[in-house]
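Below: the structure, in structure tokens.
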Amino acid sequence: MPANPEAAEFLLTRRSRPARLLGLPEPDRETLERLMTAAVRVPDHGKLEPWRLIVLRGVALGRFARAIRDRAEAAGQDPEKGALAFEQAPVAIAVVASPVESEKVPSVEQALSAGAVALSLLNACLAEGWGANWLTGWPAYDAELREKELGLADHEWIAGFIHIGTGVGEVPDRPRPDLEKVVTWKE
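When you line the sequence shown up against the UniProt record's numbering, it's residues 1 to 187, in that order.
Following this line, the structure appears as structure tokens:
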């Protein structure tokens, strides 16, 4: 494969956009399908597809935000921290880790594949000029929300919610990791 300097520069400068800085217009269905097609082109040992995607938009997105608010008190959680991103961004896609029983592919590799789908979806959105971010928060870990509102099976879990929309406002950069602190060279 030939070098792609534009892609390399994108990866070196990419920045997620907070949900509060996402607005309309939102990507249409055709665009979302293209973004998801890019997202699922990830390492997937054994071709198990140990993940799936749930697109929340329109009425479904509002219903999920209300369910989070309704569930917050019983879950001992802050309704604002749970629901706000779903009320701000016009689209959210749940990346669901759905491990498959396999003698050859350990569950950790399947989980990493689901994480790769989430990052690939985020990067596909950003590469096409959409604002996007990857969040979890307590709604991702709440069994009742996962089962009743999203229809997840007992063995499934949320790898992340990718919130998508048109970017509004400026996104401040943040400090990035110092390679001296996170890299060990063994030569």
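Just so it is clear, CB atoms sit at the ideal spot from N, CA and C, and this is done for glycine as well.
Nothing here was measured: the structure is a model prediction, and the numbers come from that model.
- Item | Residue range of the beta strand (DSSP E) that includes Leu-135 | 131-135
- Message: On the DSSP letters alone, give me the boundaries of the beta strand (DSSP E) that Trp-157 sits inside.
- Response: Run containing Trp-157: 157-167, per the beta strand (DSSP E) assignment.
- Alpha carbon to alpha carbon, what distance is there between Ile-162 and Ser-16? Going by the C-alpha atoms only, they are around 10 angstroms apart.
- Task: Starting from Val-59, trace the alpha helix (DSSP H) both ways and give me its first and last residue.
- Result: 58-75
- Item | Beta-carbon proximity list for Trp-134, same chain, < 6 angstroms, skipping 5 on both sides | Ala-118, Leu-122, Gly-160 and Ile-162
- Message: Taking the alpha-carbon of Phe-86 as reference, which of Gly-165, Pro-175, Val-182 and Glu-187 has the nearest alpha-carbon?
- Response: Gly-165
- Closer than 6 angstroms by C-beta to Pro-90: which residues in its own chain qualify, once you throw out the five before and the five after it? Chain order, please. Leu-24, Glu-26 and Gly-165
- Query: Quick one: any contact between the region 95-115 and the region 68-76, if contact means 3 or more CB pairs under 8 angstroms?
  - Reply: no
- If you follow the beta strand (DSSP E) that Val-91 is part of, which residue opens it and which one closes it? Val-91 -> beta strand (DSSP E) spans 91-97.
- Item | Distance between Pro-177 and Ala-7 (C-alpha atoms, nearest Å) | 20 angstroms
- Take the Cβ of Asp-154 as the centre, count every other Cβ of all protein chains shown within 10 Å, and call the residue buried at 16 or more, exposed below. Taking all protein chains in view, the Cβ of Asp-154 is surrounded by fewer than 16 other Cβ atoms within 10 Å, so the residue is classified as exposed.
- Item | Bridge partners - Gly-23, DSSP secondary structure assignment | According to DSSP, Gly-23 bridges with Thr-166.
- For Ala-3, is the classification buried or exposed, using 16 other Cβ atoms within 10 angstroms of its Cβ as the cut-off for buried? Label assigned to Ala-3: exposed.
- Query: What does a CB cutoff of less than 7 angstroms around Ala-124 pick up in its chain, not counting 5 residues either side in sequence?
  - Reply: Leu-35, Ala-38 and Ala-39
- Assign Glu-101 to one of two classes, buried (16 or more other C-beta atoms within 10 Å of its C-beta) or exposed (fewer than that). By the 10 Å Cβ count, Glu-101 comes out exposed.
- Message: Does the contact criterion of 3 or more C-beta pairs under 8 angstroms hold for the region 142-156 versus the region 167-181?
- Response: no
- Nearest CA to the CA of Arg-69: which residue from Leu-145, Leu-150, Pro-172 and Lys-47? Restricting attention to Leu-145, Leu-150, Pro-172 and Lys-47, the CA atom closest to the CA of Arg-69 is found in Leu-145.
- Message: Spatial neighbours of Ala-127 within its chain, please: C-beta separation below 7 angstroms, excluding the five flanking residues on both sides.
- Response: Phe-10
- Message: Nearer than 7 angstroms: is that true of the beta carbon of Pro-90 relative to any heavy atom of the ligand ADP?
- Response: The ligand ADP is absent from the structure shown, which contains no ligand whatsoever.
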